[in-house]
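Worksheet for the structure shown next.
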DNA sequence: ATAGATTTGTGAATCATTTCACAAAGTCTC
DNA sequence: GAGACTTTGTGAAATGATTCACAAATCTAT
């Protein structure tokens with residue numbers, strides 16, 4: 004498949020969210036213009052984004068809301084469940100485990116690991132926290148799709164290496180480091196410090 | 004000032020982080036190539052990014068680590084403290100309050116608000132949780148720089164409007180909605196669902 | 001001093017993304 | 001069902017970001 008820009012994929016996710024809102028409101032069809040207005044972009048952008056994957060609209064009318072939502076779910080690969088592990092049972096990890104949007108989209112946390120003996124053995128939302136030393140033993144042939152890294156910066160790379168060796172191909176990284184991974188492994192970073200500094204820059208340069 | 008791309012600003016933040024690492028290791032000078040290697044980019048990119056703001060290097064030698072770090076802090080506006088308020092005393096908010104990188108960079112949480120009577124009055128890391136109804140009263144002439152929104156999606160826009168009316172010019176938004184704000188207000192979104200769906204897309208289309 | 005090795009800073013070229021603009025296809029009204 | 005109106009889908013143009021490539025500056029070793 005033709006390479007699609009990351010920015011495009013993110014907008015598709017947004018469109019899907021808006022379509023679901025519209026669906027809840029009982030709106031049957033929506034134009035690229037309405038979608039653009041909701042998302043702070045332009046109608047041409049919306050149509051171009053969709054055009055990479057096919058033509059889903061009806062000229063003169065717009066897009067059928069439930070149908071387009073369905074197509075976007077397909078495109079984004081949301082038609083299935085994803086098995087997710089959490090590395091690091093700290094504050095952020097705890098917030099993630101209880102985050103309902105996670106479940107709702109089919110992302111299921113199946114294992115949690117930590118090093119802290121005080122945490123190991125505890126149950127979090129029904130999942131027992133395991134010793135990270137048992138990572139390889141526990142995950143052999145488990146078919147894990149995504150690893151969420153919520154550890155201190157110092158250990159993130161070492162854990163990433165172990166994850167990669169286990170064949171996991173997607174990582175959501177909250178540790179404030181740039182991970183080095185093979186190019187067939189997808190990494191998305193959530194870096195709070197970066198966001199704050201971008202705001203600081205914006206406040207400074209106006 | 005000439006418009007600088009968001010991607011550039013984010014890379015500058017990264018460079019600063021790397022420079023601080025190098026400083027800790029006692030490294031006195033660094034080349035654009037070394038910096039690029041550390042950050043997974045190219046030396047030309049590093050030099051171009053810096054060139055928007057001046058020329059900080061010495062040909063034949065590279066960049067003086069502490070000096071460049073200082074210049075980047077200036078550029079990013081990190082030479083001062085920022086007064087931050089937290090809207091929403093939930094799980095993520097709790098994680099943020101205790102996040103040390105926050106303090107370290109001069110972002111100080113001075114007020115926390117919630118609607119839940121069970122939370123109002125409690126102390127979080129030394130800061131009392133206030134009723135969100137008292138937002139305007141508490142913040143008048145308080146000189147707040149940044150608001151962090153960690154509320155359910157439903158109330159985020161209403162709160163954003165109130166924040167804007169109070170003259171706050173920067174928002175870090177964790178609610179999974181696209182906020183509508185005047186264009187002189189900077190908004191950065193942290194949207195977990197978007198990141199997960201980008202991973203889902205990456206896993207699906209390979 | 002001089003020669004050879006590094007490394008910056010930056011226009012120019014390339015590559016990527018967004019916006020424009022309009023024909024084609026459909027809807028809606030009377 | 002004819003005419004006016006809407007809205008899509010998409011090449012082409014414009015804009016934006018990254019990479020190339022090289023002169024200029026400085027360093028190092030002798």
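Chains as they are written, first to last, in this note's numbering: chain A, 4 to 209; chain B, 4 to 209. We put the CB at the ideal spot given by N, CA and C, even for glycine.
Proximal residues to residue i (C-beta, below 8 Å), its chain only, five neighbours per side dropped
| i | result |
| --- | --- |
| residue 174/B | 149, 150, 151, 152, 163, 166, 182, 184, 188, 189, 190, 191 |
| residue 160/B | 180, 182, 183 |
| residue 42/A | 14, 17, 18, 21, 49 |
| residue 132/A | 92, 115, 116, 117, 122, 123, 124, 125, 126 |
| residue 119/A | 92 |
| residue 40/A | none |
Straight-line Cα distance separating residue j from residue i
| i | j | result |
| --- | --- | --- |
| residue 102/B | residue 195/A | 10 Å |
| residue 199/A | residue 97/B | 17 Å |
| residue 144/A | residue 138/A | 12 Å |
| residue 75/B | residue 106/B | 18 Å |
| residue 193/A | residue 140/B | 34 Å |
| residue 38/B | residue 124/A | 42 Å |
| residue 206/B | residue 7/A | 13 Å |
| residue 10/B | residue 127/A | 37 Å |
| residue 135/A | residue 209/B | 30 Å |
| residue 116/A | residue 99/B | 21 Å |
| residue 93/A | residue 122/A | 9 Å |
| residue 3/B | residue 59/A | The structure shown does not extend to residue 3/B, since chain B is modelled only from 4 to 209, so the question has no answer here. |
| residue 35/A | residue 69/B | 50 Å |
| residue 54/A | residue 5/A | 12 Å |
| residue 204/B | residue 171/A | 15 Å |
| residue 95/A | residue 176/B | 16 Å |
| residue 158/A | residue 61/A | 52 Å |
| residue 30/B | residue 186/B | 42 Å |
| residue 28/A | residue 28/B | 57 Å |
Cβ-based neighbour list, residue i, same chain, cut-off 6 Å, excluding 5 preceding and 5 following
| i | result |
| --- | --- |
| residue 156/A | 178, 179, 180 |
| residue 88/A | 114, 147, 150 |
| residue 142/B | 169 |
Cβ distance (whole Å) where residue i is taken to contact residue j below 8 Å
| i | j | result |
| --- | --- | --- |
| residue 130/A | residue 112/A | 6 Å |
| residue 33/B | residue 65/B | 5 Å |
| residue 109/B | residue 85/B | 6 Å |
| residue 12/A | residue 201/B | 5 Å |
Beta-carbon contacts of residue i that lie in its chain and below 7 Å, excluding the five residues immediately before and after
| i | result |
| --- | --- |
| residue 72/A | 19, 22, 23, 26 |
| residue 154/B | 90, 91, 162, 178 |
| residue 56/B | 78 |
| residue 52/A | 11, 14, 15 |
Between the stretch 43-52 of chain A and the stretch 79-87 of chain A, do at least 3 Cβ pairs fall closer than 8 Å?
-> no
Check each residue of the stretch 30-53 of chain B: if its Cβ is closer than 7 Å to any Cβ of chain A, include it; give the result in chain order.
-> 42, 43
Which residues, taken in chain order from the stretch 91-104 of chain B, show a beta carbon closer than 8 Å to some beta carbon of chain A?
-> 93, 94, 95, 97, 98, 99, 101, 102, 104
Taking any Cβ of chain B, which residues in the stretch 55-83 of chain A have a Cβ under 7 Å from it, in chain order?
-> 79, 80, 81
Pull out every residue of the stretch 130-154 of chain A whose Cβ sits closer than 7 Å to any Cβ of chain B, in chain order.
-> 148, 149
Using Cβ-Cβ distances below 9 Å, what residues of the stretch 108-120 of chain B are close to chain A?
-> 108, 109, 110
May I ask you to list, following chain order, the residues of the stretch 155-185 of chain B that have a beta carbon less than 7 Å from some beta carbon of chain A?
-> 172, 173, 175, 179, 181
Against chain A: residues of the stretch 198-209 of chain B by CB proximity under 7 Å | 198, 199, 200, 201, 202, 203, 204, 205, 206, 207, 208
Just by C-beta distance, which residues in the stretch 6-19 of chain A are closer than 9 Å to chain B?
-> 7, 9, 12, 13, 15, 16, 17, 19
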